[in-house]
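Shown next, in structure tokens, is the structure this report addresses.
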Amino acid sequence: MWWRESEKRGWVPVSGVLIAMLTLACLALSALIALAPPGSGSRYAGSSVDPDHVPSGNELIDAAVTATDCRTGGALIVLGPTVPTPSFCTPEFKIPRPERLRAPERSIVVVRVPGHTFGTKNSGDPVPGLSLIKMLMADWVLSNRDPDSDEIARLKRMIVDSNDESADKIWEKYGEKMITEQVRKYHLKDTKPEDHRWGYTESSLPDLALFVSTLRAENPGSPVLWWMRSPARKAADGTVQYWGTGTLPGVYGSKYGWDNDGSVVASLSYGPGFVVASFTIGDADDQTEDVHEAMARVPYFQRQYARRTQEDIFTVEALAPGE
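Residue numbers (the working numbering): 1161 to 1483.
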């Protein structure tokens, strides 16, 4: 051990002085951290990472975090590479590189987590909104009007039963401004009304996923989100509402869309910290197969799959919600 002589107090170990200095420095740093308001500075917890950074190579976004309050984005201790401070937390949700999410060309699959959207190579293609657009319509009415009980019931039928007649009446009353104003509010890049009818509204899966993700962050008590948690077993037209993203393990709520003959289908679901959406030129079974093929590459779902048998995942009668 190294020693030095003090003029007045005798012999003092140098290592002891160093330890004391380091202790004081740590205490000072802890005090500064404690005084800093939650969420101050960069929106990346404890890092100056570029917010527009896209993971590449072997990088993974690991949202295994400890938060003082997951819903308000409290102080975070990041256990892996730094991530944006989420408004809701997803334990150990790891995201592969965007180009690693793969599905047959007939399908588009998109996933959004706080701060990032990734998907199949065709994820930015425009798609008809189908009945997924009803989510934007219902949210607009709830946010901009004071609907009476009858109109609230109509909005609920639009989401739970995917009732087209209810959607037609809402569209006749308020028109395409519901879409144009939602585009501005939620910063949607690819969504626009067409042919003066809700069903022909053009959109994209990144837009729709962004809408639901933002709604969850800013208005987690929205009736739209709660209605999505209990889709009717059969829609108003008799279609069984259970396929695609809705069959993924761990999802909380879903909305489905389809054309009249069922040759084009869509689904969007949300779960703990993520939103996943899919569009398929094909039937419901095609989309279910493609969604599971794509999401099986995400570690979070790999663990969920390990807890369930493949037979369970694809058995509609066993897992579909009740009437």
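Where is the CB? At the ideal position from N, CA and C, for every residue including glycine. Given the structure is predicted, the values throughout are model-derived calculations rather than measurements.
Does DSSP put Y1334 in a helix, in a strand, or in coil? Helix at Y1334.
Can you round the beta-carbon distance between I1339 and L1296 to whole angstroms, since I take them to be within the 8 Å contact cut? The Cβ separation is near 6 Å, so the contact holds.
Might you give, ordered along the chain, the residues of its own chain that have their beta carbon closer than 6 Å to the beta carbon of G1442, omitting 5 neighbours on each side? Within the same chain, G1442 has close Cβ partners R1266.
According to DSSP, is Y1465 helix, strand or coil? Reduced to three states, the DSSP call for Y1465 is helix.
Applying the 10 Å Cβ sphere with the 16-neighbour rule, what's the burial state of P1102? Here the chain has residues from 1161 to 1483 only, and residue 1102 is not among them.
Assigned exposure category for R1272 - 16 Cβ within 10 Å defines buried: Classification for R1272: buried.
Euclidean distance between Cα positions of E1362 and F1278: Straight-line spacing of the CA atoms in E1362 and F1278 works out to 20 Å.
For R1393 and W1418, I'd like the C-alpha separation in whole angstroms. Looking at the two C-alpha atoms, the distance is approximately 15 Å.
Answer yes or no: do R1314 and K1337 have a C-beta to C-beta separation smaller than 8 Å? Contact: no.
With distance defined between alpha-carbon atoms, name the residue in H1356, N1323, V1343, K1352 nearest to E1332. The residue from H1356, N1323, V1343, K1352 with its alpha-carbon nearest to that of E1332 is H1356.
Inter-stretch contact (C-beta, 8 Å, three-pair minimum) for the stretch 1301–1308 and the stretch 1388–1405: These segments do not touch.
Note down the Cα distance separating S1326 from A1369, rounded to an integer number of angstroms. Approximately 23 Å between the Cα atoms of the pair.
The alpha helix (DSSP H) that contains T1448, what's its start and end? DSSP places T1448 in the uninterrupted alpha helix (DSSP H) bounded by 1444–1455.
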